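Step one of this worksheet: look at the structure below.
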Amino acid sequence: MLLCTRPFAPVAARDAKSGGLPDLVRLTIAQDLATIGAEDRRALAERLVDDALSALTKGKP
Amino acid sequence: MTVSSEYVEVTDRLEDILDLYESRHWTDGLPIVPPTMERVEAMIAATGRAGSDVVAVLAPGHGAATVEKIAINAVMAGCRPEYMPVLVAAVEALADPAFNLQGVQVTTNPVAPLLIVNGPARHTLGFNAGYGCFGPGHRANATVGRAVRLILINIGSAVPGEGDMAVAGHPGKYTFCVAEHEEESPWESLHVERGQPRESNAVTLVGISGFMNTLQATVEALAEAATFSGSNDYRFGGCSLFALNPAQAQRLAASGLGKRELKQRIYERCHKRVRDFERQWLEPRADELTLDDPDSLVPMARSADELMVIVAGATGAGNHSLVLPSFGNSRPVTRAFTLPR
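Keeping their order, the protein sequence lines are chains F and V.
Be aware that the first sequence starts at 1, since it is given in our numbering, and climbs by one per residue.
Be aware that the second sequence starts at 1001, since it is given in our numbering, and climbs by one per residue.
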């Protein structure tokens, strides 16, 4: 058997709890999506934000 | 034992280790070097620092990039221990607020941080500035660039489709590291231009969104290659990078152009007009542009000084220079580093 170290650092708990992290992700994606049409923007933004936040808050094994 | 990270027990069969790391999304998709305790310890020792030292906190996950976590990812990328000072300096640069790592990591734009290495460490550590310097073949370029990506994934939480929302991504997200060919440059090198002593070592990080070759490197040809209305550089006022091959740089210098004059001439030829864009695209620059006037000029950078010029590539090859559009919403950051005597 071999012992191998884990490379990841957990998402900082204080940000996840305070909502600071989701807000930052949401804001960044919203800035990006200012470049596409308004009608498409809302649906795409919602999907991107949902994907990002669910992944970031679930953590890693 | 100096390593404090949690570990996983796996069989010593390489295939099992690779499967485990891949299944946990701890890799970039390529095989890794298993980060055993011994290898990580050697990597930490090369820094002369404690493994628990926090070098930076990396967005968007805000994970703590300790010396030890950087070391683990460096082992996985295939780095030699002596590359660690470059890597630690690069991580410090990533976290500088001017770099806007949050934006670089989360954006739908295909931006990747490019590392540009300057100073005598290029030779000591074997960074390539000549033939194919943006391509394969040199361990220092390949593994330091790859380690930065693994750090962004594992410490910054930039897993594609999760913390990294780039629509299509960028091949430079596997590895993106080059050295400047200082010996062939007719001008002062990038790190000196950015305030570092000539004999110092430094790494500069810049957020790059594209990669284009131009056969000609006249001012007009360089400007033309950078001037497209879909460029993020117009949206934010960016810092496009011009990587000139030695012969073409020397030809421009022989015509009387210093680096500053070259950047000014390119800048003057890269203006577009407000009417060339949807208004909402230019909103981030509302403070400096006259958005109500369709004939008003839109420069691709906030000033000529913000354009970047380096010399890179093979000596004596007369053609082929590169134009690399930037992410725009990020400023280059330079950090000095020293190697142990």
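A virtual CB, placed ideally from N, CA and C, is assigned to each residue, including glycine.
A quick note: this is a predicted structure, and the numbers were derived from the prediction, not measured.
Inset, instruction - Taking C-beta pairs closer than 7 Å, name the residues in chain F that L1005 of chain V reaches, listed in chain order. - result: In the second sequence, counting from the first residue as 1, residue 1005 of chain V sits at position 5. Here residue 1005 of chain V turns out to be Ser, not Leu, going by the sequence shown. Chain F residues near S1005 of chain V: T5, R6.
Legend entry - Rounded distance between the beta-carbons of S1296 of chain V and R1273 of chain V, thought under 8 Å: By 1-based counting over the second sequence, the position of residue 1273 of chain V is 273. By 1-based counting over the second sequence, the position of residue 1296 of chain V is 296. At roughly 7 Å, the Cβ-Cβ gap stays under 8 Å, so R1273 of chain V and S1296 of chain V are in contact.
Inset, instruction - Please go through the same chain and pick out, in chain order, the residues whose beta-carbon is closer than 7 Å to the beta-carbon of V1091 of chain V, but skip the five residues on each side of it. - result: Translated into positions along the second sequence, residue 1091 of chain V becomes position 91. These residues qualify, in order along the chain: V1055, A1056, A1065, I1070, I1151.
Inset, instruction - Count the CB pairs spanning the region 1273–1285 of chain V and the region 1180–1198 of chain V that are closer than 8 Å, and state whether there are at least three. - result: no
Inset, instruction - Over the uninterrupted beta strand (DSSP E) stretch that includes V1192 of chain V, give me the two end residues. - result: In the second sequence, residue 1192 of chain V corresponds to position 192, counting from 1. It is not in any beta strand (DSSP E) - V1192 of chain V instead sits in the alpha helix (DSSP H) that spans 1190–1193.
Inset, instruction - Tell me whether Y1021 of chain V is buried or exposed, calling it buried when 16 or more other Cβ atoms sit within 10 Å of its Cβ. - result: Stepping through the second sequence from its first residue, residue 1021 of chain V is reached at position 21. It is buried - the Cβ of Y1021 of chain V has at least 16 other Cβ atoms within 10 Å.
Inset, instruction - Can you tell me the Cβ-Cβ gap for F1242 of chain V and S1321 of chain V, rounded? I've got them flagged as a contact below 8 Å. - result: Residue 1242 of chain V sits at position 242 when you count from the first residue of the second sequence. Residue 1321 of chain V sits at position 321 when you count from the first residue of the second sequence. Sure, about 7 Å apart at Cβ, within 8 Å.
Inset, instruction - Closer than 7 Å by C-beta to D1096 of chain V: which residues in its own chain qualify, once you throw out the five before and the five after it? Chain order, please. - result: Here residue 1096 of chain V refers to the residue found at position 96 of the second sequence. Excluding sequence neighbours, D1096 of chain V sits near V1333.
Legend entry - Sequence-distant residues of the same chain with beta carbon closer than 6 Å to A1314 of chain V, five excluded per side: For this step, residue 1314 of chain V is matched to residue 314 along the second sequence. So the list reads G1130, Y1131, once near-sequence residues are dropped.
Legend entry - Local Cβ density within 10 Å of P1171 of chain V, reported as buried at 16 or more and exposed below that: Within the second sequence, numbered from 1, the residue matching residue 1171 of chain V stands at position 171. The residue in question, P1171 of chain V, is exposed, as its Cβ has fewer than 16 Cβ neighbours within 10 Å.
Legend entry - Neighbourhood of A1147 of chain V by C-beta distance below 6 Å, restricted to the same chain and skipping five residues each side: Position 147 of the second sequence, counting from 1, holds the residue named residue 1147 of chain V. If we look at A1147 of chain V and ignore the five residues flanking it on each side, its Cβ neighbours are N1073, A1074, A1077, C1079, L1087.
Legend entry - Neighbourhood of I1044 of chain V by C-beta distance below 7 Å, restricted to the same chain and skipping five residues each side: Here residue 1044 of chain V refers to the residue found at position 44 of the second sequence. Hits under 7 Å: T1002, G1051, V1067, E1068, A1071.
Inset, instruction - Assuming E1180 of chain V and I1266 of chain V form a contact by the criterion Cβ under 8 Å, report the distance between their Cβ atoms to the nearest whole angstrom. - result: Along the second sequence, read from residue 1 onward, the residue named residue 1180 of chain V stands at position 180. Along the second sequence, read from residue 1 onward, the residue named residue 1266 of chain V stands at position 266. About 18 Å separates the two Cβ atoms, so there is no contact after all.
Legend entry - Assigned exposure category for P1167 of chain V - 16 Cβ within 10 Å defines buried: Numbered from 1 along the second sequence, position 167 holds the residue referred to as residue 1167 of chain V. Just to set this straight, residue 1167 of chain V is Val in the shown sequence, not Pro. Under this definition V1167 of chain V is an exposed residue.
Inset, instruction - Tell me whether E1278 of chain V sits in a helix, a strand or coil according to DSSP, three-state version. - result: Residue numbering aside, residue 1278 of chain V sits at position 278 when the second sequence is read from its first letter. It is coil, neither helix nor strand.
Inset, instruction - Please confirm whether S1326 of chain V and S1240 of chain V have their CB atoms less than 9 Å apart. - result: In the second sequence, counting from the first residue as 1, residue 1326 of chain V sits at position 326. In the second sequence, counting from the first residue as 1, residue 1240 of chain V sits at position 240. Yes. Within cutoff.
Legend entry - Those residues which DSSP pairs with V1298 of chain V across a bridge: As a first step, residue 1298 of chain V must be located in the second sequence, where it is residue number 298. Its beta-bridge partners are V:K1272.
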